[in-house]
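Position one of the sequence shown corresponds to residue 94 (the numbering used here), numbered consecutively onward.
Glycine included, each C-beta is placed from N, C-alpha and C at the ideal position.
Right, one structure below, let's go through it.
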Amino acid sequence: LKACPEIADYAVDGIGNWRDFMITAAQVRGYLGVSPSAYEDACHVMGQEIAAVVIACILQRAQHIESAGGYLRVLTEKARAGEFSVGPMLMAALRANGATAKMTG
Numbered sequence: 094l095k096a097c098p099e100i101a102d103y104a105v106d107g108i109g110n111w112r113d114f115m116i117t118a119a120q121v122r123g124y125l126g127v128s129p130s131a132y133e134d135a136c137h138v139m140g141q142e143i144a145a146v147v148i149a150c151i152l153q154r155a156q157h158i159e160s161a162g163g164y165l166r167v168l169t170e171k172a173r174a175g176e177f178s179v180g181p182m183l184m185a186a187l188r189a190n191g192a193t194a195k196m197t198g
């Protein structure tokens, strides 16, 4: 949540565990315009937890992403080919969020 705090704004009762996080990510998927089939494919290929993290990262950078669904599909294909790891995406989000916090703090 430190890397992608915006997803917490969409949680009805907060995010206290992975289940809450995954439920919230599934809801946010719709807000981002990601089709159910694109999200299901991502969950199948990456696993539910990683797909939820990717949705949170996409939400965090939504203003910079033209098509959230298309972006998720590209990442899913990379994951299918063994060419995607969520670690660098999270680290970039942490750095970006840290820079934003420094500018506003």
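State the CB to CB distance for the pair M115 and A145, rounded to an integer number of angstroms; the pair is presumed to be in contact (CB under 8 Å). Numbered from 1 along the sequence shown, position 22 holds the residue referred to as residue 115. Numbered from 1 along the sequence shown, position 52 holds the residue referred to as residue 145. That pair is a contact at about 5 Å.
Put V127 into one of helix, strand or coil per three-state DSSP. To locate residue 127, count along the sequence shown from 1; it is residue 34. Here V127 sits in coil by DSSP.
Mind checking whether A161 and L125 have CB atoms under 7 Å apart? Taking the first residue of the sequence shown as position 1, residue 161 is located at position 68. Taking the first residue of the sequence shown as position 1, residue 125 is located at position 32. Cβ distance < 7 Å, so A161 and L125 count as in contact.
L187, DSSP secondary structure in three states: By 1-based counting over the sequence shown, the position of residue 187 is 94. In this structure, L187 counts as helix in the three-state DSSP scheme.
Beta-carbon contacts of T169 that lie in its chain and below 6 Å, excluding the five residues immediately before and after: Here the question's residue 169 lines up with position 76 in the sequence shown. Answer for T169: D134, A135 and V138, listed in chain order.
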